[in-house]
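Scroll down for the structure; my scribbles are underneath it.
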Amino acid sequence: MNRRSLFAYRGTSSGRSDLLLGACAFIGFITMWSLLSHFEVVPQRFLPLPWKVVEALWYMLTERNFIEDIWISVARVWGAFLLSAVMAIPLGLLMSDYRIFGTLFEPIIDFIRYLPVPALVPLLIIWFGIGESSKIAVLWMGTFFQLVLLITDDAKRVPREFIEIGYTLGARPSQITRNIVLRAMLPSMVDSLRITLGWCWTWIIVAEIVAANSGIGHVIWSMRRFVKTPEVMAGILTVGIIGLVTDQAIRWFHRRYFRYL
Amino acid sequence: MDQDMPFLRVDGVSKTFETEGPSQAPIQVIDNVSMDLSAGEFAVYLGPSGCGKTTLMRIVGGLETANAGEIFLAGRKVTGPDRQKGMVFQAYTSFPWLTVLDNIRFGTKYRDDIGGAEKDEIARHYLELVGLQEFADFYVNRISGGMRQRVAIARTLAAGPDILLMDEPFGALDAQTREFLQYQLLEISRVEKKAVIFVTHDVEEAVFLADRIFMFSARPATIIEVIEVAQHIEGKRTITTKETEAFFHLRNHVRDLMRSQAKDLADAEKSREIEE
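Protein chains in written order, with the working numbering: chain A, 10 to 270; chain B, 664 to 939.
Structural data, given as structure tokens:
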């Protein structure tokens with residue numbers, strides 16, 4: 010049986026055909042969109058031609074200083090994401106290493122992470138105002154608690170034998186965590202971080218729509234007021250592109266630095 | 664240090680595991696086991712699967728605590744795991760993020776008795792001892808299971824333990840690799856002159872490797888017979904040892920012992936089923 014076929018059950022394929030097929034889906038999507046718009050199946054006022062969206066994006070970048078809003082959003086996302094990560098990684102490790110922290114924090118974290126973040130936005134604005142800190146707070150609320158549990162799971166999946174080997178080689182618990190557990194879980198931790206970073210982009214738009222006078226979300230929301238559909242879609246498109254690029258960059262890093270996998 | 668104290672003394676060790684659930688009674692896995700081992704001796708713990716021999720080895724290694732009894736290694740009471748008690752597991756424990764050589768060098772990482780240059784030297788030495796020079800720069804995911812176990816053995820030796828505790832290290836390997844590694848392990852233990860406790864349920868493996876076999880009963884584990892293999896099979900063990908008459912007789916004797924234990928285990932399970 011030829012497994013090196015795109016149609017074989019759990020078959021393999023070459024990188025080139027993967028890339029080609031992935032591109033096909035994009036082309037198909039854009040073609041469909043163009044047809045719907047061109048023949049006004051959906052009025053162009055609501056669904057502009059793809060080209061109009063690109064044009065709008067270009068106009069926003071060159072004339073409306075949209076690049077600055079992009080940078081602001083990127084900075085907010087990364088700031089909040091790094092804050093979440095810096096806090097979640099040590100706590101997650103502690104929770105997996107010591108029962109006291111695990112049993113103490115897991116139930117409450119599990120509870121908080123099910124609180125809908127959009128519902129918390131008004132509260133966070135009352136607490137933090139409409140400055141930068143409220144946006145960071147929204148993103149932090151939306152990622153920190155999820156990330157702690159992901160990190161805890163990553164750490165727990167490190168084989169028990171690895172830890173026992175650490176002991177019998179003379180390592181102390183702190184050395185086992187640093188040199189064995191953290192190193193063994195690193196690939197899956199990078200995946201957890203990548204997924205969480207993606208969520209940040211959802212929450213930042215929510216936060217910027219509700220209360221902001223800058224950022225991609227703010228631009229999308231203010232364009233809506235004038236029913237500038239191409240501009241609104243250009244804003245959404247920008248988030249999509251940033252997400253795709255970041256994701257691919259982290260995946261590349263993953264392949265490059267975890268070659269042993 | 665007590666002059667009369669042997670290199671390793673296991674003194675009246677018992678172990679009971681608490682089980683989850685309301686109706687489950689605690690399970691006793693080891694019942695008052697005592698044994699001595701002298702320095703450089705190769706001991707095999709042989710017994711039916713699940714009899715508690717691995718648990719006893721883990722207690723010797725300090726990874727489990729006994730409910731009763733004490734362990735003394737080189738005159739000191741065993742209270743927890745450390746570098747003096749090296750372990751090799753059945754599961755592959757070489758670290759995938761390190762190359763073969765770096766894995767072996769990791770064994771020296773927490774040694775404060777030697778410096779960096781000497782650590783490199785030791786890593787190289789054990790790399791050669793297990794014959795993996797050509798694979799020094801390979802990640803361990805790229806080499807075979809047998810090689811991974813050799814890496815694990817070398818890493819453990821590089822830590823400079825007093826005793827080597829091996830829990831069915833060749834259990835997951837194919838017959839040829841297994842035989843090759845058994846032979847290589849004998850060579851290594853001869854060169855290193857280290858005490859070894861080797862846990863297995865494979866009779867041939869036990870007879871081929873051991874100076875002494877400690878034959879365990881079904882759960883709860885007690886030592887039912889100590890077989891002085893070295894008295895029956897004299898001299899250096901080689902590939903042809905397994906074809907000698909002495910080996911053959913001893914193997915049959917040990918196998919019969921194993922069978923009677925396995926039968927006891929089956930009977931016990933059956934009677935429990937009937938009770939339920």
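Glycine included, C-beta positions come from ideal geometry on N, C-alpha and C.
If you're wondering where the values come from, they're calculated on a predicted model, not measured in any experiment.
Residue i - DSSP class collapsed to helix/strand/coil
i	result
B:Q845	helix
A:R169	helix
A:L113	helix
A:M194	helix
B:L920	helix
B:M664	Unreliable positioning characterises B:M664 in this predicted model, as indicated by a pLDDT of 48, which lies under 50. A coordinate reading is not provided.
A:F267	coil
A:F35	helix
B:Q691	strand
B:E908	helix
B:F735	strand
B:I896	coil
B:T762	strand
B:G743	coil
B:E888	strand
A:Y289	With chain A covering only 10 through 270, there is no way to say anything about residue 289 of chain A.
A:L70	helix
B:Y755	coil
B:G808	helix
B:L700	strand
A:T21	coil
A:G151	helix
B:S677	strand
B:A881	coil
A:R54	coil
B:F801	coil
B:F670	coil
Anticipated Cβ contact below 8 Å, residue i with residue j, distance rounded
i	j	result
A:T205	A:L156	5 Å
B:L709	B:V859	Actually they are not in contact, since the Cβ atoms of B:L709 and B:V859 sit about 14 Å apart, beyond 8 Å.
B:T756	A:I174	5 Å
B:T679	B:Q687	Not quite, the Cβ-Cβ distance comes to about 12 Å (not below 8 Å), so this is no contact.
A:L178	B:R746	6 Å
B:E704	B:D874	5 Å
A:M194	A:R166	7 Å
Pick from the options that is closest to residue i, judged by C-alpha positions
i	options	result
B:P759	A:S143, A:W87, A:F171, A:F75	A:F171
B:V854	B:M921, B:K899, B:V696	B:K899
A:Q60	A:S197, A:R264, A:M242, A:D256	The residue you asked about is not Gln; residue 60 of chain A is Trp in the sequence shown. Checking every option, the nearest Cα to that of A:W60 belongs to A:M242.
B:I890	B:M698, B:L849, B:G725	B:M698
B:V870	B:G713, B:L913, B:Q924, B:E888	B:L913
B:M814	B:A838, B:Q796, B:G724, B:A925	The sequence as given places Val at residue 814 of chain B; Met does not occur at that position. For the residues B:A838, B:Q796, B:G724, B:A925, the minimum Cα distance to B:V814 belongs to B:Q796.
B:A884	B:H864, B:E704, B:G715, B:F843	B:G715
B:E733	B:A929, B:S852, B:G808, B:V676	B:V676
B:A799	B:V696, B:T819, B:L764	B:L764
B:L719	B:R672, B:L761, B:G684	B:R672
A:Q184	A:G252, A:D106, A:E141, A:L132	A:D106
A:P57	A:V228, A:F262, A:P239	A:P239
B:F910	B:E868, B:E842, B:Q845, B:L827	B:E868
B:N730	B:P744, B:N695, B:A737	B:N695
A:L124	A:V147, A:L103, A:R108	A:V147
B:K782	B:G749, B:T762, B:R818, B:V793	B:R818
A:A65	A:I81, A:I109, A:I139, A:V228	A:V228
B:S923	B:G684, B:L827, B:F843, B:S880	B:S880
B:R787	B:R882, B:Q839, B:A822	B:A822
Interface residues of chain A facing residue i [CB-CB closer than 9 Å]
i	result
B:R914	Those within 9 Å of B:R914 in chain A number zero; the least Cβ separation is about 31 Å.
B:N766	Going along chain A, no residue has its Cβ under 9 Å from B:N766, so there is no contact; the nearest lies around 10 Å.
Chain-ordered neighbours of residue i on chain A, where CB pairs are closer than 8 Å
i	result
B:M750	E173, I174, T177
B:L700	Correct list: empty, because the minimum Cβ distance to chain A is about 18 Å.
B:G770	L178
B:P744	E173, Y176, T177
B:R774	G179
B:A822	T177, L178, G179
Listed by chain order, chain B residues near residue i by CB distance under 7 Å
i	result
A:Y269	P759, W760, Y802, N804
Contact list for residue i against chain B, beta-carbon separation under 8 Å
i	result
A:P168	A754, T756
A:R192	F758, W760
Chain-ordered neighbours of residue i on chain A, where CB pairs are closer than 7 Å
i	result
B:G724	T177
Neighbour list for residue i in chain B, Cβ cutoff strictly below 9 Å
i	result
A:Q184	K772, Y773
Every unbroken alpha helix (DSSP H) within the stretch 810 to 879 of chain B, with a cutoff of 4 residues, ordered by chain: When DSSP assignments are scanned along the stretch 810 to 879 of chain B, the uninterrupted stretches of alpha helix (DSSP H) that are 4 or more residues long and fall wholly within it turn out to be 838 to 855, 866 to 872.
Unbroken alpha helix (DSSP H) runs of length 4 or more, entirely within the stretch 174 to 256 of chain A: which are they? Qualifying alpha helix (DSSP H) stretches, in chain order: 182 to 185, 191 to 219, 225 to 234.
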